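Quick note, the sequences are listed as chains A and B, same order.
Take the first sequence: its letter number 154 is residue 224 in the working numbering, and every next letter is one higher.
Take the second sequence: its letter number 97 is residue 167 in the working numbering, and every next letter is one higher.
Using N, Cα and C, we set each Cβ at its ideal position, and we do this for glycine too.
Treat the numbers as computed from the prediction; the structure is a model and nothing was measured.
These notes concern the structure reproduced below.
2 protein chains.
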Amino acid sequence: MEMKLAFVGMGNVARAFARMLCERQDDLARDHGFRFRTTAISTNSHGSILSTDRIDLIEAAGRMERGESLVGLAGCEAVTDTFSLIERCDADILFETSPLNPVDGEPAASYIRRALERRINVITANKGPVAFRYRELKRVARERGVSFRFEGTVMDGAPVFNMVETCLPAARVLGFEGILNSTTNIILTGMEEGRSFEECLLAAQRAGIAEANADYDIDGWDAAMKAVALANVLMDAEIDPRGIEPKGIRAVSSDDIRAAAQRGGVIRLVARGDRVSDEIIISVAPEEVMKDSPLGSVRGSSNLLKIKTDLMGEIAVLETDPGVRQTAYALLSDMLTVFN
Amino acid sequence: MEMKLAFVGMGNVARAFARMLCERQDDLARDHGFRFRTTAISTNSHGSILSTDRIDLIEAAGRMERGESLVGLAGCEAVTDTFSLIERCDADILFETSPLNPVDGEPAASYIRRALERRINVITANKGPVAFRYRELKRVARERGVSFRFEGTVMDGAPVFNMVETCLPAARVLGFEGILNSTTNIILTGMEEGRSFEECLLAAQRAGIAEANADYDIDGWDAAMKAVALANVLMDAEIDPRGIEPKGIRAVSSDDIRAAAQRGGVIRLVARGDRVSDEIIISVAPEEVMKDSPLGSVRGSSNLLKIKTDLMGEIAVLETDPGVRQTAYALLSDMLTVFN
Numbered sequence: 071m072e073m074k075l076a077f078v079g080m081g082n083v084a085r086a087f088a089r090m091l092c093e094r095q096d097d098l099a100r101d102h103g104f105r106f107r108t109t110a111i112s113t114n115s116h117g118s119i120l121s122t123d124r125i126d127l128i129e130a131a132g133r134m135e136r137g138e139s140l141v142g143l144a145g146c147e148a149v150t151d152t153f154s155l156i157e158r159c160d161a162d163i164l165f166e167t168s169p170l171n172p173v174d175g176e177p178a179a180s181y182i183r184r185a186l187e188r189r190i191n192v193i194t195a196n197k198g199p200v201a202f203r204y205r206e207l208k209r210v211a212r213e214r215g216v217s218f219r220f221e222g223t224v225m226d227g228a229p230v231f232n233m234v235e236t237c238l239p240a241a242r243v244l245g246f247e248g249i250l251n252s253t254t255n256i257i258l259t260g261m262e263e264g265r266s267f268e269e270c271l272l273a274a275q276r277a278g279i280a281e282a283n284a285d286y287d288i289d290g291w292d293a294a295m296k297a298v299a300l301a302n303v304l305m306d307a308e309i310d311p312r313g314i315e316p317k318g319i320r321a322v323s324s325d326d327i328r329a330a331a332q333r334g335g336v337i338r339l340v341a342r343g344d345r346v347s348d349e350i351i352i353s354v355a356p357e358e359v360m361k362d363s364p365l366g367s368v369r370g371s372s373n374l375l376k377i378k379t380d381l382m383g384e385i386a387v388l389e390t391d392p393g394v395r396q397t398a399y400a401l402l403s404d405m406l407t408v409f410n
Numbered sequence: 071m072e073m074k075l076a077f078v079g080m081g082n083v084a085r086a087f088a089r090m091l092c093e094r095q096d097d098l099a100r101d102h103g104f105r106f107r108t109t110a111i112s113t114n115s116h117g118s119i120l121s122t123d124r125i126d127l128i129e130a131a132g133r134m135e136r137g138e139s140l141v142g143l144a145g146c147e148a149v150t151d152t153f154s155l156i157e158r159c160d161a162d163i164l165f166e167t168s169p170l171n172p173v174d175g176e177p178a179a180s181y182i183r184r185a186l187e188r189r190i191n192v193i194t195a196n197k198g199p200v201a202f203r204y205r206e207l208k209r210v211a212r213e214r215g216v217s218f219r220f221e222g223t224v225m226d227g228a229p230v231f232n233m234v235e236t237c238l239p240a241a242r243v244l245g246f247e248g249i250l251n252s253t254t255n256i257i258l259t260g261m262e263e264g265r266s267f268e269e270c271l272l273a274a275q276r277a278g279i280a281e282a283n284a285d286y287d288i289d290g291w292d293a294a295m296k297a298v299a300l301a302n303v304l305m306d307a308e309i310d311p312r313g314i315e316p317k318g319i320r321a322v323s324s325d326d327i328r329a330a331a332q333r334g335g336v337i338r339l340v341a342r343g344d345r346v347s348d349e350i351i352i353s354v355a356p357e358e359v360m361k362d363s364p365l366g367s368v369r370g371s372s373n374l375l376k377i378k379t380d381l382m383g384e385i386a387v388l389e390t391d392p393g394v395r396q397t398a399y400a401l402l403s404d405m406l407t408v409f410n
């Protein structure tokens, strides 16, 4: 059976995923019986197209990278907006990787809802819909008998949501702590080596990890959104991201970092989720941790998530130096989970 | 549907598992639809019993802890040896936790083989059969349409084998490195704090982590057996444990540890598996690593395994301060995987 794929958003992550898919198509067919064709692509600035046959993914990615429109690709019909594309596409799985809207997760959340309602499985790497609308989207997916998966929203393709779901059955998540934002960790660990905040931020931007406007990372919002997603999914919380007050790293000075070093410590932006009586409390703030502790050992763009459980005690997942390929892999991994 | 459970070996791990099962039976029924009854228990020194109805697991564990025989438990028939028990039991899942035989994995490997041949799913926490006979046992399980699972053989219930299988689909494991033996790590990290080798070993023995004869841990054999299991399962290697020459920690002196500390380093017993051309090479040896690296941050009985992959880069799993409950959880986790 051939799976029909649709893409909403075709940025770096989706294009890296498209290349991974094409690169590995023989392995996927041989080892997993997975065959695919692409039937729809929606982009913000390169047009949106539908096909009743198949869209050449590599050609589409190439056009976008040359600054060309997708409209005009052989055998494709142009569509004017993403909602009509979702309404009309013939797809088994929709990959939603449109840009994050930190205010309410829209329009991505509505795209996802509509696709699920049409009984299309949805895989997203977009934190917004998971942080703001997890329960609703999960419910719609269940009612329609399709999957809603989002491994790539926290720690890229490192197993987090899928690991708890499939490898920690019957265990209850009691809490978590983690370093979940790469930009702030690059800055904090760079400052330990004597570089300035601005210098480190610039390096993170040049490496393609931080956005041109990195406030969202620096002020702790990216980590907070991930913490909400973790709490709502893994701990069955109902936290509204609008109620969170993260503390970012703007107030951390070189003096603070030197003072911590004298005590054998380092400063890390730590996201926490804890069950306190019957409530689940989220916090994001810079903390001093021991340099030779697991959290302290996480340097540069690496991430770490500790999960405390009742039956299995405490385990952690560490992701070393992730890049766009690791986020692309999250889509691949979710895709095979949906398919199996 | 009620699953019929059989136990070969009823030591600390199996008894902790039995208690976990009974403690959680309502949750397991409600959340997973899992119901069970025990139909067979085989032990080395407390007799072996079969039942056509159900064996009271808690009563059986209690008898063993009071030094009493299982023979005579209400509604049970005594059996003289484990092979006849496996031959005659009416079971869906057999839990094999008999003591490790480091020379050839016997008789556990033959117990497992016979159970699989009888189309009984097998779950083991015993490294021997996995290190020595993985391919054969996997093949028999596949031929008979049952499962052979062994999450508890490396890092207790922390997701290792199950994680790679279910959460890293299509990714190829290129290599691994890890701290896989708790006894040696307790000794090495204790010596960093100025205690002697003997003092630390005694503490590990008192905590129930090291055996009375801890040579197998200290000389690197436990870590080597785990490394072979990892290589054979995750990297499709065909390594015979008899060909491995681990280096243990016997030659590590307090002077070595002080010298490493002066360079910001610590000594850890590191197990490695690497693909070198078309061959897979296993090594186990003490290594100096940076104190503030992920490997260096692993202290006491904690374990860490880094896995290098093609599609997902490098990730690691850390297990903090495991105890017998964590190994018991491995059996529970494998049981629900088999059941689903």
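Buried versus exposed, by CB contacts within 10 Å (16 or more), B:Gly313: exposed
Looking at the secondary structure, which residues open and close the alpha helix (DSSP H) in which A:Ser138 lies? For clarity, residue 138 of chain A is Glu in the given sequence; the question names Ser instead. First-last for A:Glu138: undefined, no H or E at that position.
Is A:Ile249 helix, strand or coil when you go by DSSP? strand
Closest by C-alpha distance to B:Ala411, when choosing among B:Gly103, B:Met305, B:Ser112: Not covered by the structure: residue 411 of chain B. The range shown for chain B is 71 to 410.
For the region 365-390 of chain B, list every residue whose C-beta sits within 7 Å of some C-beta in chain A, in sequence order. Gly366, Ser367, Leu381, Met382, Gly383, Glu384, Ile385, Ala386, Val387, Leu388, Glu389, Thr390
In terms of alpha-carbon separation, which member of A:Glu263, A:Glu72, A:Ile249 lies closest to A:Asp287? A:Ile249
Identify every residue that forms a DSSP beta bridge with A:Thr397. Note: A:Thr397 sits in no beta bridge, so no partner.
Let me confirm a value: A:Gln332 is counted as buried when at least 16 other C-beta atoms fall within 10 Å, else exposed. Which label applies? exposed
When you compare the region 370-382 of chain B with the region 351-358 of chain A, are there three or more beta-carbon pairs, one atom per stretch, that lie closer than 8 Å? no
Which stretch, first to last residue, makes up the alpha helix (DSSP H) that contains B:Ser154? 152-158
Do you know whose CA, among A:Asn114, A:Thr122, A:Arg345, A:Ile190, lies nearest A:Leu170's CA? A:Asn114
Reference B:Phe246, options B:Ile256, B:Thr254, B:Val234, closest by Cα: B:Val234
Cβ neighbour criterion (16 or more within 10 Å) applied to B:Asn283: exposed
Does the beta carbon of B:Tyr15 come closer than 8 Å to any beta carbon on chain A? Because chain B spans 71 through 410 in this model, residue 15 of chain B falls outside it and cannot be assessed.
Through-space distance from A:Arg105 to A:Leu91, alpha-carbon basis: 10 Å
Cβ closer than 9 Å: which chain B residues qualify as neighbours of A:Ser323? Correct list: empty, because the minimum Cβ distance to chain B is about 21 Å.
Along chain B, in chain order, which residues have C-beta atoms closer than 7 Å to that of A:Leu127? In chain order: nothing, as chain B lies at least about 17 Å away.
Closest to A:Lys378 by CA distance: which of A:Arg188, A:Ile163, A:Arg342, A:Gly215 is it? A:Arg342
By DSSP, does A:Ser223 sit in helix, in strand, or in coil? In the sequence on display, residue 223 of chain A carries Thr and not Ser. A:Thr223: helix per DSSP, three-state reduction.
Should the region 293-306 of chain A be called in touch with the region 194-205 of chain A, which here means at least 3 C-beta pairs below 8 Å? yes
I want to know whether the region 399-407 of chain B touches the region 237-245 of chain A - three or more CB-CB distances under 8 Å. yes
Could you please tell me which residues of the region 294-305 of chain A, in chain order, have their CB closer than 7 Å to any CB of chain B? none
Look up A:Ser115 in the DSSP assignment and say whether it is helix, strand or coil. coil
Please state whether the Cβ-Cβ distance between A:Asn191 and A:Val408 is less than 8 Å. yes
Where A:Asn232 and B:Pro229 are concerned, what is the direct C-alpha to C-alpha distance, given to the nearest angstrom? 11 Å
Under 8 Å between C-beta atoms, does A:Leu401 make it to chain B? no
Taking CB distances under 8 Å as the criterion, tell me whether B:Asn232 reaches chain A. yes
Simplified DSSP assignment, three categories, for A:Ile125: strand
Counting beta carbon pairs with one atom in the region 163-181 of chain B and one in the region 124-143 of chain B, are three or more of them shorter than 8 Å? no
What are the boundary residues of the beta strand (DSSP E) that includes B:Leu164? 163-166
Using a Cβ cut-off of 8 Å, pull out every chain A residue sitting near B:Ala240, in sequence order please. Arg94, Asp97, Leu98, Asp101, His102, Leu402, Ser403, Leu406
B:Ala195 in three-state terms, based on DSSP: coil
Excluding sequence positions up to five away, which residues of its chain have a Cβ less than 7 Å from the Cβ of A:Lys361? Gly334, Gly335, Val336
What is the DSSP secondary structure of A:Pro364, reduced to helix, strand or coil? coil
If you measure between the beta carbons of A:Thr108 and A:Leu75, is that distance less than 8 Å? yes
Identify every residue that forms a DSSP beta bridge with A:Ala294. Answer is none; A:Ala294 lacks a bridge partner.
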